[in-house]
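In this note's numbering, the protein residues as written are 3 to 350.
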């Protein structure tokens, strides 16, 4: 398995620092979680039901009709490569490594490319995987190049295996229709800070959204896929029933509908991210990129910095190619001051 942030139990064992003394900045999860109310007893007792209010709440929040609830975007990342025969896949790099890992594991030919090359070489790949904002760099697809706006919406997703067939032409299966199209996958797990309507996705465009990051509900393991109906049907079959638990469905429905909290959280996170960037710059570690949920700092000695901070009970996310640290938002002013003080001690 690949390395990820948030592994406090392992850090406790390795460094011998009690859990309550750690400042965990290793994830991009908001430190201010949406306040989950008490879960109704029947959410624990009954099997989850797809006919509840979850999709209605998600359609209103995302401004998109065609959605599938999944157990976090990770579930979709792992399942999508299973829906195509071996093909050529271009993946944004540096970026969330699970994308390339999942496509390679299913036998696909994967090339890692920077944003400009991935945008320019559409004809070279059957599938392109973008991350916007990118994790960990914060880079975004330029507005004029975003696949959401690059093509008109298809006519009611009209290409269908059940449509009319010309004399002598074999009716193609839905599976064949899925495979013959190029796909653009855009992982927007960190996009809630600057929301825009999904629009109705065109055929070939797959958008991924997470509940864990902006809502601070990583433990719920919930997310959504927006795509054309045939792709969502195939993905649903691949994932099987009950992808989300009943308690998760209840909590996410309420969170998506809490528009007053959405506005307040966006303002708060924007301010706190700016404060983190300023503290890093004053402490000798200016950010090279970031979002309203994390800052990304290139540094040739990132491994040493990561280790020195960990020995002070501050956990960051280390990247080695290129060497960099990603730092999530401290939960309060005291934690931010603690980080600044530690960096000033460590850096020359």
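Every residue gets a Cβ at the ideal spot worked out from N, C-alpha and C, and that includes glycine.
Could you spell out the range, first to last residue, of the alpha helix (DSSP H) harbouring residue i?
i           : result
residue 76  : 75-81
residue 105 : 100-107
residue 348 : 335-348
residue 307 : 304-312
residue 44  : 43-47
Within 10 angstroms of the Cβ of residue i, are there 16 or more other Cβ atoms? Answer buried if so, exposed if not.
i           : result
residue 36  : buried
residue 53  : exposed
residue 49  : exposed
residue 23  : exposed
residue 248 : buried
residue 349 : exposed
residue 149 : buried
residue 215 : buried
residue 46  : exposed
residue 130 : buried
residue 175 : Confidence at residue 175 is low in this model, with a pLDDT of 46, below 50, so its placement is unreliable and no value can be given for it.
residue 273 : exposed
residue 331 : buried
residue 40  : exposed
residue 318 : buried
residue 309 : exposed
residue 65  : exposed
residue 16  : exposed
residue 339 : exposed
residue 32  : buried
residue 105 : buried
residue 221 : exposed
residue 334 : exposed
residue 194 : buried
residue 218 : buried
residue 297 : buried
residue 18  : exposed
residue 141 : buried
residue 294 : buried
residue 146 : exposed
residue 185 : buried
residue 43  : exposed
residue 286 : exposed
What would DSSP say about residue i, mapped onto helix, strand or coil?
i           : result
residue 10  : helix
residue 282 : helix
residue 85  : helix
residue 2   : An answer regarding residue 2 cannot be provided, because it is not within the stretch 3 to 350 covered by the chain.
residue 331 : coil
residue 25  : strand
residue 271 : helix
residue 292 : strand
residue 266 : helix
residue 146 : helix
residue 158 : Any reading at residue 158 is ruled out, since the residue's pLDDT is 32, under 50, leaving its predicted position unreliable.
residue 62  : helix
residue 35  : coil
Which two residues bound the contiguous beta strand (DSSP E) that contains residue i?
i           : result
residue 185 : 185-189
residue 71  : 69-72
residue 300 : 296-300
residue 19  : Per DSSP, residue 19 belongs to no beta strand (DSSP E) and is neither H nor E.
residue 130 : 129-133
Who pairs with residue i in a beta bridge, going by DSSP?
i           : result
residue 113 : 92
residue 325 : 322
residue 121 : Note: residue 121 sits in no beta bridge, so no partner.
residue 316 : 25
message = What ranges does the beta strand (DSSP E) occupy inside the stretch 196-260, keeping only unbroken runs of at least 3 residues that lie completely in it?
response = 207-212, 225-228
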